[in-house]
């Protein structure tokens with residue numbers, strides 16, 4: 194099973210200039226940030242689904258399907274505990290089940306799912322080198338941009354190692370599902386420590402290998418790949434500006450909140 | 067277009083490397099890792115560096131590109147010169163165009179999402195212009211045999227290909243010296259063969275190479291062998307001289323080449339570079355052996371029946387454990403990871419009580435997946451597994467652990483406790499055993515693995531070999547009836563390998579069934595009594611060790627080589643699994 198999310202396809206999204214791709218991630222986050230209403234979140238969700246279809250990113254969404262489901266479900270349920278507004282529809286101890294809390298919770302769940310979806314789309318269509326280049330063009334120093342993009346590359350490696358460690362501890366009779374929520378978190382110590390130690394070792398090896406390859410030799414390394422700006426980049430950039438502005442307008446006018454639903 | 071490695075090298079001057087009286091002590095280390103080491107490498111020379119873990123091999127390699135003392139902090143004295151130029155005051159990145167370094171962990175040295183870009187990475191860092199990078203990429207890939215892979219994702223390559231890619235990215239900078247620090251430790255036999263074929267090619271083309279390696283057979287092509295012991299040079303000379311000093315090598319934790327050792331035990335003064343040379347030397351000294359047992363030496367492998375008639379009986383190597391009734395039963399087992407091809411295809415297998423089984427095969431052949439099914443980490447798509455007659459699908463992994471224990475390849479995947487004692491006690495505590503019973507079991511397990519004096523030590527400060535034995539103790543404490551060890555000797559020096567395998571053999575003799583997953587031919591030959599060969603998820607051989615090493619076609623197609631001593635014995639019409647066995651056979655017929 195591949196541990197990285199990048200899916201090599203020749204779609205126009207894949208071919209977009211790295212700066213536009215990094216900018217698109219920013220705009221997606223920006224747009225989702227300003228609105229709470231599930232209906233207002235729908236258009237950008239549809240845009241993401243369209244891009245997923247266009248870029249053939251479904252395998253990554255399928256891989257993370259449980260994470261999406263858990264995000265939406267647990268967030269909706271959690272807000273029914275903490276968001277205690279509106280007329281109660283059903284009496285359940287601890288929970289405040291009202292139309293308002295349902296909509297608010299669902300909105301928060303969709304919001305988180307869309308933030309995750311934006312990241313998945315970005316990583317499905319953007320190479321690490323493009324990420325670094327895009328950040329550099331946005332005036333982020335090379336060392337910082339390289340470190341950020343490399344950390345994305347390392348996450349799947351750490352997940353892979355964590356899965357092996359969980360297996361190793363289960364085979365020593367360890368039950369991760371004992372006790373209440375806090376106890377369950379505490380029970381992950383036998384996983385966290387080996388992952389952390391492994392991460393330190395890996396980071397050390399990588400740092401050595403990087404320096405041995407000349408990392409740090411020049412403050413502004415050259416780039417092997419050329420990224421020419423095309424008409425598609427300009428159109429995409431204009432579309433993203435429009436999208437970001439529209440979502441800010443939804444916030445500004447109050448249409449993006451859950452107020453109208455009250 | 068220039069394509070050979072010579073054209074990639076910027077080698078010049080007489081001495082490619084001069085190490086002058088280098089002493090280095092890590093800031094947290096008690097004794098110096100290197101002590102007054104002086105060494106000169108001529109341009110175009112290949113030096114093999116050997117020694118036990120902790121002898122200073124990697125420290126010496128890291129000195130050559132300033133990782134020591136620039137990156138690894140400590141007290142450094144002496145001087146290093148590359149092509150006559152001192153490295154003093156240079157940063158690691160400044161040395162990159164002069165000294166290329168390839169590390170053992172291939173995944174930590176690949177940073178890009180495409181092969182061509184990976185080769186370009188170092189050139190980008192030193193600020194090379196795009197046209198020059200373009201000119202250098204294809205020759206570098208050509209030199210390592212990866213031309214045509216330019217657009218592949220490095221993560222999709224095999225281990226051997228990844229390591230060759232790492233070498234290509236180093237070659238592209240045209241350094242005058244390339245240092246390879248145990249480049250094949252994590253590779254399967256096919257990957258090892260690929261990388262060593264490349265090293266030999268680069269050596270023939272005149273690159274200055276320094277290769278750190280545990281397996282002496284692989285370094286016969288070197289011009290010189292340097293053996294380190296506790297930070298000092300214990301031997302330095304041509305392979306024929308150094309490899310003849312078997313006593314010294316063993317003392318230094320280096321496995322002497324099997325052929326040379328055999329000749330020494332037979333009283334023949336020669337250091338053969340190949341099985342052919344060893345055959346000729348023995349044939350000259352013991353002509354009766356040729357006439358009584360051989361097919362003439364050049365007639366290819368003996369017929370199985372002829373060879374069987376003159377070879378020792380199986381089982382032999384792992385002692386005299388009695389093999390009992392079937393313990394593990396696997397019927398028609400198939401499995402695929404989500405969205406992937408079949409990784410196990412209709413596998414049938416039985417493992418008996420007290421058996422010693424080796425599972426071999428290339429990476430991706432399904433060995434580990436099979437083992438994970440036995441211990442219950444994976445659920446079969448089709449098929450059935452029984453443990454001591456019980457259906458495994460009805461047992462939880464924790465329950466299975468009391469019957470079958472699994473030791474992962476990397477011991478660091480389970481170690482977390484503050485002391486060795488707590489680490490071992492973790493398993494029994496999970497099963498809710500009484501404290502005095504836990505104590506008794508921990509004592510027993512630590513005694514078995516030889517760590518009884520390390521009870522209060524921090525597991526993270528133990529050596530790799532000790533951590534591997536700790537991992538064994540931490541599952542042994544559950545008193546399983548079978549132990550599966552995934553690559554138990556990877557990354558260990560010869561001394562640690564022997565210690566680990568002696569432990570495994572003792573456990574087998576005490577009645578525990580052993581299954582080892584390994585790529586190492588001599589481990590199979592010396593310890594196992596049965597071999598299962600996997601290929602593309604299917605079991606393609608299941609039988610005795612001697613029979614396995616007679617399957618030339620199977621071995622070749624699986625990139626698995628018999629130990630050289632076994633190959634040599636076959637030239638004489640017998641089949642010996644160990645040096646001692648072969649020498650005994652020759653002397654018995656002389």
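Protein chains in written order, with this note's numbering: chain D, 194 to 455; chain E, 67 to 656.
The C-beta atom is built at its ideal place from N, Cα and C for all residues, glycine as well.
Please read all numbers here as calculations on a predicted model, not as lab measurements.
Would DSSP call residue i helix, strand or coil?
i, result
"residue 180/E", "coil"
"residue 271/E", "coil"
"residue 398/E", "strand"
"residue 189/E", "helix"
"residue 359/D", "helix"
"residue 142/E", "strand"
"residue 111/E", "coil"
"residue 647/E", "helix"
"residue 345/E", "helix"
"residue 741/E", "The first residue shown for chain E is 67 and the last is 656, placing residue 741/E beyond what the model contains."
"residue 579/E", "strand"
"residue 607/E", "strand"
"residue 432/D", "helix"
"residue 209/D", "coil"
"residue 319/D", "coil"
"residue 245/E", "strand"
"residue 151/E", "strand"
"residue 454/E", "coil"
Assuming contact is defined by CB atoms lying nearer than 8 angstroms, are residue i and residue j in contact in what I supplied?
i, j, result
"residue 162/E", "residue 192/E", "yes"
"residue 549/E", "residue 473/E", "yes"
"residue 259/D", "residue 294/D", "no"
"residue 400/E", "residue 432/E", "no"
"residue 124/E", "residue 529/E", "no"
"residue 112/E", "residue 321/E", "no"
"residue 299/D", "residue 269/D", "yes"
"residue 566/E", "residue 535/E", "yes"
"residue 110/E", "residue 288/E", "no"
"residue 475/E", "residue 625/E", "no"
"residue 584/E", "residue 633/E", "no"
"residue 324/D", "residue 422/D", "no"
"residue 649/E", "residue 336/E", "no"
Taking residue i as the reference, which of the options has the closest Cα?
i, options, result
"residue 546/E", "580/E, 557/E, 610/E", "580/E"
"residue 102/E", "112/E, 316/E, 86/E", "86/E"
"residue 510/E", "498/E, 526/E, 487/E", "487/E"
"residue 247/D", "315/D, 212/D, 215/D, 309/D", "315/D"
"residue 388/D", "347/D, 365/D, 370/D, 413/D", "347/D"
"residue 213/D", "283/D, 300/D, 438/D, 319/D", "319/D"
"residue 465/E", "241/E, 453/E, 512/E", "453/E"
"residue 332/E", "403/E, 310/E, 318/E", "310/E"
"residue 355/D", "364/D, 275/D, 384/D, 342/D", "384/D"
"residue 237/E", "272/E, 221/E, 222/E", "272/E"
"residue 302/E", "653/E, 132/E, 603/E, 104/E", "104/E"
"residue 201/E", "239/E, 339/E, 505/E", "239/E"
"residue 96/E", "296/E, 277/E, 108/E, 532/E", "296/E"
"residue 627/E", "458/E, 591/E, 439/E, 648/E", "591/E"
Count the CB pairs spanning the region 585-598 of chain E and the region 140-158 of chain E that are closer than 8 angstroms, and state whether there are at least three. no
Could you please tell me which residues of the region 187-204 of chain E, in chain order, have their CB closer than 9 angstroms to any CB of chain D? 187, 188, 189, 190, 191, 192, 193, 194, 195, 196, 199, 200, 203
Listed from N- to C-terminal order along the chain, which residues in the region 406-418 of chain D have their beta-carbon within a distance smaller than 8 angstroms of any beta-carbon of chain E? 406, 407, 408, 409, 410, 411, 413, 414, 415, 416, 417, 418
Specify whether the region 397-416 of chain E and the region 457-475 of chain E touch according to this definition: at least 3 beta carbon pairs, one from each stretch, less than 8 angstroms apart. no
Could you run through the region 351-372 of chain D and flag, in chain order, every residue whose CB is less than 8 angstroms away from some CB of chain E? 354, 357, 358, 360, 361, 362, 363, 364, 365, 366, 367, 368
Between the region 253-268 of chain E and the region 87-96 of chain E, are three or more C-beta pairs nearer than 8 angstroms? no
Given 8 angstroms as the limit, is there contact between the region 139-154 of chain E and the region 199-215 of chain E, that is, 3 or more CB pairs closer than that? no
Beta carbons nearer than 9 angstroms to chain D: which residues of the region 139-166 of chain E have them? 157, 158, 159, 160, 161, 162, 163, 165, 166
Check whether the region 430-442 of chain D touches the region 218-230 of chain D, counting contact only when three or more Cβ pairs, one atom from each stretch, lie closer than 8 angstroms. yes
Touch test, the region 238-250 of chain E against the region 420-429 of chain E, Cβ-Cβ under 8 angstroms, three pairs minimum: no
Looking at chain D, which residues of the region 438-466 of chain E have a Cβ within less than 7 angstroms of any of its Cβ atoms? 441, 443, 463, 464
Pair every Cβ in the region 174-184 of chain E with every Cβ in the region 391-408 of chain D, then say whether three or more of these pairs are closer than 8 angstroms. yes
May I ask you to list, following chain order, the residues of the region 415-440 of chain E that have a beta carbon less than 7 angstroms from some beta carbon of chain D? none
Taking only beta carbons into account, state which residues of the region 518-532 of chain E come closer than 9 angstroms to chain D, listed in chain order. 526
Mind the definition here: the region 405-425 of chain D touches the region 181-196 of chain E only if three or more C-beta pairs lie below 8 angstroms; say whether that holds. yes
Output needed in chain order: residues of the region 314-332 of chain D with a Cβ under 7 angstroms from some Cβ in chain E. 320, 321, 322
Using a Cβ-Cβ cut-off of less than 7 angstroms, give me the residues of the region 480-502 of chain E that come near chain D, in sequence order. 480, 481, 482, 492, 493, 496, 497
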